[in-house]
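Accompanying notes for the structure given below.
Residue numbers (the numbering used here), protein chains in the order written: chain A, -5 to 104; chain B, 1184 to 1296.
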């Protein structure tokens, strides 16, 4: 199973873009990159996922490098409500049994 | 459309007591999962199910049992609770095996004294 590496924490100014990096150098060809976030005391919330192409939805954009060894989640205009722990996860080839690691604790400051 | 609903939200048990956590989803999802989250840590998979009548072990299955008698429900049982099982338990569901995001409930906070 591919593992991911994320910085433990980062700060972001309200209204600015937040760029969250993730390294997944051992990813295999059929594994997707998923991003979730967990706001304090709540269940994790799905944000976005992709295989090799860049993806965008109403919440965020996902940029995956051409070699697929790393990705970046972009929150275009961070708000205080975006303060959360963000998890980058690679889907196991054997099925959708996602493993959540430590994640990045993002603090959006006014 | 309620999504994934977990009951109860909170529970306190004494060591050796038993209980069942209920997870219900109304999205007609095939796959369901139970995770636990300990303070300051990520989520660890306990058990999962790939369809009605099936269950399988995850990363930390010891001390837990599960059942999936109906497609919409996934039960997590603790036969003899231990303090090490104090945790927040999250249930999740997904439509398929690949390319299918998880939808989570809001958790059950369990304390075993």
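Quick reminder that beta carbons are idealized off the backbone N, C-alpha and C, glycines included.
Within the same chain, 1208, 1209, 1210, 1286 and 1288 come within 8 angstroms of residue 1186 of chain B by CB-CB distance, once the 5 residues on both sides are set aside.
When CB distances to chain B are screened at a threshold of 7 angstroms, the residues of the segment 42 to 54 of chain A falling below it are 43, in chain order.
For residue 1250 of chain B, the enclosing beta strand (DSSP E) stretches over residues 1248 to 1250. In its chain, beyond the 5 residues on either side, 26 have a beta carbon closer than 7 angstroms to the beta carbon of residue 45 of chain A. Residue -1 of chain A has a beta carbon lying at 8 angstroms or more from every beta carbon in chain B. Residue contact check for residue 80 of chain A against chain B: no CB pair falls below 8 angstroms. Counting along the chain, residue 63 of chain A sits inside no beta strand (DSSP E), nor does DSSP assign it H or E at all. The shortest C-alpha to C-alpha distance from residue 1248 of chain B to any of B:1229, B:1255, B:1191 and B:1195 is the one to B:1229. Excluding five sequence positions before and after residue 1260 of chain B, the CB atoms of its chain that fall closer than 8 angstroms to its own CB belong to 1201, 1202, 1203, 1204, 1247, 1248, 1249 and 1250, given in chain order. At the C-beta level, residue 1189 of chain B and residue 1294 of chain B stay beyond 8 angstroms of one another.
Going by C-alpha positions, residue 1263 of chain B is about 19 angstroms away from residue 1221 of chain B.
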